[in-house]
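Engineer: Going line by line, the protein sequences match chains A and B.
Position 39, counted from 1, in the first sequence is what my numbering calls 43; the numbers after and before it change by one each time, with no gaps.
Position 4, counted from 1, in the second sequence is what my numbering calls 398; the numbers after and before it change by one each time, with no gaps.
Here it is, the structure, as structure tokens.
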Amino acid sequence: MAANESGLHNRTLRQVSGLLRDGQVSSVELTEAMLARIEAVDPAIRAFITVTPDLALDHARRADEMIAHWRNGTIDTLHPLAGVPLAIKDVILVEGVPATCGSRILENFRPPFSATVIEKLLAAGVVILGKTNTDEFAMGSSTENSAFFTTRNPWDTTRVPGGSSGGSAAAVAARMAFGALGSDTGGSIRQPASLCGVVGIKPSYGRVSRYGLVAFASSLDQIGPLARTVGDAALILGTIAGHDPKDSTAMRLAMPDCYHRFEYATDLKGLRVGVPKEYFIEGMQSEVETAVRDAVKVMESLGAEAREVSLPHTEYALPVYYLIAPAEASANLARYDGVRYGLRVGGEGLGVRDEGLWDEYRNTRGVGFGAEVKRRIMIGTYALSSGYYDAYYLRAQKVRTLIKGDFDAAFKEVDVIACPVTPTTAFKIGEKADNPLEMYLSDVFTLPANLAGICGISLPCGFDTAGLPIGLQLMGPAFGEERILKVAAAYEAVTGWHTRPPGV
Amino acid sequence: MALTLSEVEHIAELAKLSLSDEEKARFREQLSAILDYVAMLNRLDTSAIPPTATVLPLRTVLRPDEVTPSFPREKLLANAPDANAGMFQVPPVLE
């Protein structure tokens with residue numbers, strides 16, 4: 005059966021999990037269908053940096069064996085992700101598969117180990133289809149900072165998919181994968197999920213191991229899932245979450261069982277929803293505000309009680325983020341020195357003074373990093389440098405305390421916070437590429453959650469008049485994932501925005 | 395706050411980044427704009443506020459002191475731009 009004719013790619017993760025379990029399709033058949041889908045659609049979307057057909061089919065054969073063993077009783081339980089093809093953002097290491105991070109400096113890097121999240125997915129029987137495009141080192145909001153190419157938004161290929169996990173979001177939206185992993189440092193899962201009309205979760209800091217995630221800003225980074233439904237994303241999250249001896253910040257906490265359920269109650273009686281007044285700002289697209297306010301009304305119709313809350317330091321989140329994240333990045337990216345792995349550009353190559361190893365460092369990094377990465381390394385280096393540390397980095401860390409305090413206070417009054425994900429729907433490729441500050445503004449509603457370490461989810465809540473998807477963000481307290489998943493799933497169940505496919 | 399060209403060069407040297415003249419000029423302009431923007435943090439009195447470096451409670455994580463296998467040398471050297479006799483090779487740093 006020709007893959008695209010099978011229509012398998014249009015099924016949700018939950019549906020194909022059922023088909024695999026019932027023996028109606030094998031993982032090899034499903035994987036072949038998705039590889040054919042990628043071949044047919046990805047030339048127009050360019051979500052993948054690397055497609056791994058051989059590896060995917062190996063994983064699929066192993067999953068089919070797993071399913072056969074489960075069926076004949078050799079093993080007692082079968083993970084619902086067994087045999088399901090997923091895509092992985094190219095900042096997460098899969099042993100032996102190139103991990104470029106969207107950067108020339110790692111173009112030929114093949115990691116000698118896999119991230120903990122990958123080990124967990126493989127143990128569950130997941131099939132890895134390939135590695136998805138990202139802004140270089142996850143620094144960006146559009147994938148335009150990828151050193152290789154810009155991913156197209158499946159809803160309108162003249163527009164960006166968002167970023168930095170834009171490849172993962174576009175792959176899921178264009179039905180090239182049933183789910184994907186991304187990473188979120190300031191909104192890099194939620195913002196592209198919103199722009200591509202899919203679900204994306206930024207887990208609480210400490211929920212998911214970062215071992216094998218190429219570090220950008222270590223106090224902010226979290227790996228999380230993207231999928232077409234809340235339940236599908238929750239299932240992936242439940243699989244990758246938990247303690248890891250290799251990452252001491254990955255907390256030892258019990259997983260709420262909701263992660264492994266596919267259905268949630270739609271009764272929100274007694275739930276207190278906070279709507280932060282600071283998240284409806286001048287200059288934002290009016291259709292985004294309307295869609296989000298309508299979503300709150302839907303929650304009220306399900307029994308929730310909505311009230312306005314204030315997060316008074318919201319306007320400071322962006323300047324705080326653009327000091328703390330670059331400061332941490334400038335330290336993390338010091339490792340790219342052309343000695344142990346990655347690009348090396350010799351000292352003589354650029355015709356500058358030859359100081360041997362020192363020039364090799366300068367030239368490797370000068371040639372290997374793109375403009376945005378250099379810009380952030382420069383800001384971070386400056387903010388940490390002698391004489392400026394107190395005025396910039398330390399002050400930003402203090403204001404971070406105030407931002408976290410805003411959320412602590414708000415969550416005493418309400419159970420979840422509902423707000424927009426980003427001020428506008430998908431923008432045109434090139435529209436903001438030359439203005440870093442304007443690009444940074446597209447993360448203005450997502451980066452507070454990273455600074456506070458809390459959890460957030462983005463899910464579809466409507467379309468603008470151009471037919472572009474609008475996202476709703478729900479934020480919950482640290483380790484309050486169960487709460488936001490429950491509300492998101494209830495909203496999803498009674499609205500159905502997620503069922504509309506893009507025209508690819 | 396406008397950065398001077400020599401400040402841009404100083405930062406680039408601290409970060410070990412070789413930049414073209416055109417990059418220096420562009421970064422001077424863009425970094426100055428970003429620093430102007432973040433200056434809004436000065437509106438807040440933060441003298442009595444403790445800094446947040448991490449949102450997690452600080453704790454010491456212990457593990458049993460057991461010998462476990464480490465990566466084989468060849469595997470770690472496989473990505474090296476230059477290796478020799480089981481070691482990473484770099485240009486001489488001493489005359």
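By construction, the Cβ of each residue, glycine as well, lies at the ideal position given by its N, Cα and C atoms.
With DSSP run on the structure shown, which of helix, strand or coil describes A:Ala6?
Structural biologist: Residue placement at A:Ala6 is poorly supported in this model, since its pLDDT is 45, which falls under 50; the coordinates still yield a value, given next. Three-state result, A:Ala6: coil.
Engineer: List the residues of chain A that B:Asn478 touches, going by C-beta distances under 8 Å, in chain order.
Structural biologist: Within chain A, no residue has its beta carbon less than 8 Å from that of B:Asn478; the closest one is some 13 Å off.
Engineer: When you compare each of A:Val212, A:Gly242 and A:Ile92 to A:Gly170 by their alpha carbons, which one comes out closest?
Structural biologist: A:Ile92
Engineer: By how many angstroms is the C-alpha of A:Thr294 removed from the C-alpha of A:Ile205?
Structural biologist: Near 23 Å, if we compare the C-alpha coordinates of A:Thr294 and A:Ile205.
Engineer: Roughly how many angstroms lie between the CA atoms of A:Ala135 and A:Asn112, to the nearest whole one?
Structural biologist: Residue identity differs from the one stated: residue 135 of chain A is Lys in this sequence, not Ala. When rounded, the distance between both Cα atoms is 14 Å.
Engineer: Checking contacts by CB at 8 Å: is B:Ala396 closer than that to chain A?
Structural biologist: no
Engineer: For B:Lys469, does the count of other Cβ atoms within 10 angstroms reach 16, so buried, or fall short, so exposed?
Structural biologist: exposed
Engineer: Counting Cβ pairs, one atom from each stretch, are 3 or more of them under 8 Å apart for the stretch 424 to 433 of chain A and the stretch 115 to 134 of chain A?
Structural biologist: In short, these stretches do not touch, since the Cβ pair count stays below three.
Engineer: With DSSP collapsed to three states, give me the class of A:Ser462.
Structural biologist: The answer is strand: DSSP assigns A:Ser462 an E or B state.
Engineer: Check each candidate in A:Thr253, A:Arg66, A:Gly460 and A:Tyr283 and name the one with the smallest Cα separation from B:Thr448.
Structural biologist: A:Thr253
Engineer: For chain A, is any of its Cβ atoms less than 8 Å away from the one on B:Pro458?
Structural biologist: no
Engineer: One question on the structure: do A:Tyr325 and A:Leu451 come within less than 8 Å of each other, judged by their Cβ atoms?
Structural biologist: In contact: A:Tyr325 and A:Leu451 (Cβ atoms closer than 8 Å).
Engineer: Count the other CB atoms, across all protein chains shown, that sit within 10 Å of the CB of A:Ala269; report buried if there are 16 or more and exposed otherwise.
Structural biologist: exposed
Engineer: Taking C-alpha atoms, which residue in A:Ile42, A:His83 and A:Asp251 lies nearest to A:Arg50?
Structural biologist: In terms of CA proximity to A:Arg50, A:Ile42 leads the group A:Ile42, A:His83 and A:Asp251.
Engineer: Going residue by residue through the stretch 272 to 297 of chain A, where are the continuous beta strand (DSSP E) segments of at least 3 residues, counting only ones entirely within it?
Structural biologist: 276 to 280
Engineer: Return no unless some Cβ of chain B is closer than 8 Å to the Cβ of A:Glu304.
Structural biologist: no
Engineer: What residues from the stretch 434 to 452 of chain B come within 7 Å of chain A, judged by C-beta to C-beta, listed N to C?
Structural biologist: Within the stretch 434 to 452 of chain B, those residues whose Cβ lies closer than 7 Å to any Cβ of chain A are, in chain order, Met434, Leu435, Leu438, Thr440, Ile443, Pro444, Pro445, Thr446, Ala447, Thr448, Val449 and Leu450.
Engineer: Once DSSP output is grouped into helix, strand and coil, what is the label at A:Thr54?
Structural biologist: strand
Engineer: Drop a sphere of 10 angstroms on the beta-carbon of A:Ala48, count the other beta-carbons inside from all chains shown, and report buried for 16 or more, exposed for fewer.
Structural biologist: exposed
Engineer: Alpha carbon to alpha carbon, what distance is there between A:Gly384 and A:Arg297?
Structural biologist: 37 Å
Engineer: Please list the partners that A:Val324 has in chain B, where partner means a Cβ-to-Cβ separation under 9 Å.
Structural biologist: Val432 and Leu435
Engineer: For a cutoff of 8 Å on Cβ pairs, would you count A:Thr366 as touching chain B?
Structural biologist: According to the sequence displayed, residue 366 of chain A carries Arg and not Thr. Output row for A:Arg366: interface = yes.
Engineer: Are the beta-carbon atoms belonging to A:Ala184 and A:Leu90 less than 8 Å from one another?
Structural biologist: yes
Engineer: Consult DSSP for A:Val343 and reduce its assignment to one of helix, strand or coil.
Structural biologist: coil
Engineer: According to DSSP, is A:Met303 helix, strand or coil?
Structural biologist: Three-state result, A:Met303: helix.
Engineer: Is the stretch 371 to 384 of chain A close to the stretch 100 to 112 of chain A, with three or more CB pairs under 8 Å?
Structural biologist: yes
Engineer: Under three-state DSSP, which class holds B:Met395?
Structural biologist: DSSP places B:Met395 in coil when its eight states are reduced to three.
Engineer: Around the C-beta of B:Ile428, are 16 or more other C-beta atoms found within 10 angstroms, so that it is buried, or is it exposed?
Structural biologist: With 16 or more other Cβ atoms from the protein chains shown falling within 10 Å of its own Cβ, B:Ile428 counts as buried.
Engineer: Please state the DSSP three-state secondary structure of A:Thr136.
Structural biologist: strand
Engineer: Closest Cβ-Cβ distance between A:Met5 and chain B: below 8 Å?
Structural biologist: The predicted position of A:Met5 is uncertain, since its pLDDT is 40 and thus under 50; no value can be drawn from it.
Engineer: Give the C-beta separation of B:Ile405 and A:Tyr386 to the nearest angstrom, bearing in mind that I take them to be a contact with Cβ-Cβ under 8 Å.
Structural biologist: 5 Å
Engineer: What separation, rounded to the nearest whole angstrom, lies between the Cα atoms of A:Val425 and A:Cys465?
Structural biologist: 11 Å
Engineer: Quick one: what's got a C-beta closer than 7 Å to A:Thr189's C-beta in the same chain, skipping five residues either side?
Structural biologist: Ala142, Phe220, Ala221, Leu224, Asp225, Ala329 and Asn454
Engineer: Do you know whose CA, among A:Arg487, A:Ala493, A:Ile244 and A:Glu442, lies nearest A:Leu275's CA?
Structural biologist: For the set A:Arg487, A:Ala493, A:Ile244 and A:Glu442, the Cα lying nearest the Cα of A:Leu275 is the one of A:Arg487.
Engineer: What's the gap between the Cα of A:Asp468 and the Cα of A:Gly201?
Structural biologist: Using only the alpha carbons, I get a separation of about 12 Å.
Engineer: Give the interface partners of B:Leu470 over in chain A, defined as CB-CB distance under 7 Å, in chain order.
Structural biologist: Pro116
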